Amino acid sequence: MIRIHGAYQLGTSLEIDEAGAILIEGDDLELRADGAWLVPGLIDLRAHLREPGDEPAEDLESGLQAAAAGGFASVCAMPGTRPPNDDGALTEILCHRAAKVRGARFLPFGCMTQGMRGEELTQMEELKAAGCVGVTDDHRPVADPALLRRAMEYAETFDILVMQHAELPELSAGTVMHEGPNSVRLGLRGSPRAAEVAAVARDIQIAELTGGRLHLAHLSCGASVELVKNAKERGARVTCDVSPHHLAYTDADVGAYDSNFRIVPPLRSPEDRDALRRGVNDGTIDAIASDHAPHPDIAKRRPFASAAPGMISFETTLPVLLALIEDGSLRREAVVRALSVGPARVLGLPGERFAGDFTLIDPRCAWTVSRESLRSKSANTPMLGREVRGAAILTIVEGQVVFQR
Amino acid sequence: MSQLPSRDLLEIDGLEPQHVTAILDSAEAFLEVSRRPVRKVPTLRGKTVINLFYENSTRTRTSFELAAKRLSADAVNMSVATSSIKKGESLYDTAKTLEAMHPDAVVIRHPESGAPHFLARHLRCAVINAGDGMHAHPTQALLDAFTIRKSLGRISGLKVAICGDIAHSRVARSNCALLTRMGNDVHVVGPRTLIPPDFEKAFGVTAHDRLEPALQDADVVMLLRIQRERLGEALLPSLREYARTFGVSRALLDRLAPNAIVLHPGPMNRGVEIEPELADDKRSRVLDQVEAGVAVRMALLYMLIGESQSSRAPT
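Protein chains in written order, with this note's numbering: chain A, 116 to 520; chain B, 854 to 1168.
Encoded structure:
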């Protein structure tokens, strides 16, 4: 039995013993955590673990441990590895290897199309039977609307979730940041909002046409959130997530070509960022997903446009979001929901959670983000060297403590 | 002499009007050196300047090389074709290699915006941007400013029209930055495919779809080179249509202010940006620009590495 003294529950309703401790079935552990929040085990809908193919950046072990250290009890692993996870045999091997890691629960996504080439469908039923919780072509949009339609119809046959990176690739080809005054000043090719928003509009129409479940990953534009809101009001089975980066930063943070801010979709204007925050607060945005994207130093230590896109975020998601709660930008209940019940609903989990998973968060815990303190193999984050507040102090998966600070 | 605010020259941002004036004043003195029978002064004896060119540009590279040599610095050219850069060496590794050679300044031209900033973060010595992607070409803007001041006697309160491919032009960006900072009324003109929607907001200039309002009473007209590859990118249907709609004709030149001058960073497409024979019009200052280029680059090298400079820690 795990006994936690001094903490209070947010979104859980566990028994309390006569000494006032919260009781969790599982390992034997007793600790004091005054002022900490006990929340349902956090679920990350979108992360890159890089195994197989790019193990110098991250692997299942380092990734799942870093996720657990960041408070995530479960991690959805994107299939855009090398080779991509597009068949059941590879999924089974990955699940087998992940099961040996004391870290977050591994929830793989399989590819929507073979080799993520956007041509032929994957064997989705086999992927699901092997352990995949959904299909997606990761950072590549399934750009052909006819193919997306067939993929959604086929996935719906087996009740499989479809996750889509919504983008019109022709409109964003060669771009490396948001199109606006900042991209013009820096002389960097900018991606207009329309590249995302038009794809979101189109993909929602296709979801409604097929009646299937569509999850739109890492939205970056206020207008996209508006489209999702309208679709939900019509009863469309559409959900969406946002990354902590898009809630915290804007295109102005690119500054003097800081390649840590080279991400896809790009950071946009303060108006977009504020609309995303409102979307989290009012529940239009179902989940906050880390979009953890580790890269080795050599891939980031390059001029802006040729640096690999993405930043790590397993271990910085909580401090980033806690700072936004602290300054009033985000509501605490909305954040907890978007990290737990929200993604659980997107995944269609019974009871809207994994019943034995919990995360204990100390919102005041001060620590410095450094290569030494990060469990991830990579350090591509603009937070490097910064002192932050807030961290997971206990992460519990099925009653088992997988991380303790 | 007014010190420059940074040990690098990466872009116009960061230079205040007094810095620009100081550079131009210093260039006046060096212009005189280039006109002497013996065109060499010992100012930078013992200093090493490396020209690192990732794009072909005979004229800019030669201008920097001459500037360094006339100051008695040792100038070395590293061009992509003859180095390990072609073999895939990263800019980071190149920076570390250069560092080990102990140069006093590295002049870089690179197709990627921000590459000079990257280099400056990893080098102790001064980094001078000789053109990066679509971002900046600060020495071109300074030599244009020098030419304007020399011709018109001032570098503020002027109406300046910049015509052509604004979107892809580092020359346009650096000129807009410098000229607005110095208090000029700057206009850009071209088809909307070649002027980004946010350009006005980004630089505080006025954009036009037609040449007439931009050129009316302008003191300076700056023409930009139209690159043939824009045709394949669906940015222009043909050079003929461009010449017909945005090429500068004699009738248009007559709209300019009485003492107006015409600038072009070169090389010029006669018959595209401008009617063929107008390139040699008396208002053209194209050759003065070339001469100013050497003087301005001498001034910058002198100001950046001429005095004893404390080195900074590279990262």
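Cβ coordinates follow ideal geometry from the N, Cα and C atoms, glycine included. Fair warning: this is a prediction, and the values are worked out from it, not measured in the lab.
Item                                                                                                                                                                      : Value
Decide if S1163 of chain B is buried, meaning its Cβ has at least 16 other Cβ atoms within 10 Å, or exposed.                                                              : Because S1163 of chain B sits at a pLDDT of 45, beneath the cut-off of 50, its placement in the model cannot be relied upon, and the following sentence gives the value as read from the coordinates. With fewer than 16 other Cβ atoms within 10 Å, it is exposed.
Give a yes or no on whether 7 Å exceeds the smallest Cβ distance from A371 of chain A to chain B.                                                                         : yes
With distances taken Cα to Cα, identify the nearest neighbour of L175 of chain A among A:L382, A:G289, A:H407 and A:R486.                                                 : A:H407
What residues in the stretch 988–1022 of chain B bring their beta carbon closer than 8 Å to a beta carbon of chain A?                                                     : H988 and A989
Within 7 Å of any Cβ in chain A, is that where the Cβ of P858 of chain B sits?                                                                                            : no
Is DSSP giving F221 of chain A helix, strand or coil here?                                                                                                                : strand
Quick check: what's the CA-CA separation for L1088 of chain B versus P194 of chain A?                                                                                     : 37 Å
Any idea what DSSP makes of T228 of chain A, helix, strand or coil?                                                                                                       : strand
Does L439 of chain A come out as helix, strand or coil in the three-state DSSP assignment?                                                                                : helix
What does the alpha-carbon distance come out to for the pair M239 of chain A and M278 of chain A?                                                                         : 13 Å
Compare the Cα-Cα distances from E467 of chain A to each of A:R118, A:G126 and A:R304 and report the closest residue.                                                     : A:G126
Per DSSP, what kind of secondary structure is T901 of chain B in: helix, strand or coil?                                                                                  : strand
What does the alpha-carbon distance come out to for the pair L863 of chain B and V312 of chain A?                                                                         : 35 Å
Name the chain A residues that come within less than 7 Å of K1054 of chain B, Cβ to Cβ?                                                                                   : P296
Run the CB neighbour count on F273 of chain A, radius 10 Å, all protein chains shown included, and call it buried at 16 or more, exposed below.                           : exposed
Does the Cβ-Cβ distance between L331 of chain A and L362 of chain A come in under 7 Å?                                                                                    : no
Listing by chain order, which chain A residues have their CB less than 7 Å from the CB of H970 of chain B?                                                                : A371 and Y372
For V902 of chain B and N930 of chain B, I'd like the C-alpha separation in whole angstroms.                                                                              : 9 Å
Checking 7 Å against the spacing of the C-beta atoms, do F883 of chain B and N904 of chain B come in under that value?                                                    : no
Tell me the rounded alpha-carbon separation between L232 of chain A and F419 of chain A.                                                                                  : Reading off the sequence shown, one finds Arg at residue 232 of chain A, where the question assumed Leu. Straight-line Cα distance between these residues: approximately 26 Å.
Identify each residue in the stretch 944–976 of chain B for which the Cβ-Cβ distance to at least one residue of chain A is less than 8 Å, and report them in chain order. : L944, Y945, H963, E965, S966, G967, A968, H970 and F971
Following the continuous beta strand (DSSP E) through G249 of chain A, name the residue where it begins and the one where it ends.                                        : G249 to T251
Fully enclosed by the stretch 141–218 of chain A, which beta strand (DSSP E) runs are 3 residues long or longer?                                                          : 144–147, 152–155, 157–162 and 187–192
L160 of chain A to L1153 of chain B, Cα distance in whole Å?                                                                                                              : 53 Å
Looking at the secondary structure, which residues open and close the alpha helix (DSSP H) in which I413 of chain A lies?                                                 : D412 to K415
Just mark L1064 of chain B as buried or exposed, buried being the case when its beta carbon has 16 or more other beta carbons within 10 Å.                                : buried
Are the beta-carbon atoms of H293 of chain A and P424 of chain A separated by less than 7 Å?                                                                              : no
Can you tell me which of the three DSSP states H963 of chain B falls into?                                                                                                : strand
Tell me, please, whether the stretch 460–480 of chain A touches the stretch 145–158 of chain A by the rule of three or more beta-carbon pairs shorter than 8 Å.           : yes
If I follow the unbroken alpha helix (DSSP H) through G135 of chain A, where does it start and stop?                                                                      : That residue, G135 of chain A, is in no alpha helix (DSSP H); it is neither H nor E in DSSP.
Under 7 Å Cβ-Cβ, which residues of chain B neighbour I208 of chain A?                                                                                                     : What I208 of chain A touches in chain B: nothing, since even the nearest Cβ is about 33 Å away.
Along the stretch 298–322 of chain A, what residues have a CB closer than 7 Å to any CB found in chain B?                                                                 : V299, R300, L301, G302 and L303
Under a CB-based cut-off of 7 Å, is R490 of chain A close to chain B?                                                                                                     : no
What residues from the stretch 1026–1050 of chain B come within 7 Å of chain A, judged by C-beta to C-beta, listed N to C?                                                : R1026 and P1049
Kindly indicate which three-state DSSP category L1131 of chain B falls into: helix, strand or coil?                                                                       : helix
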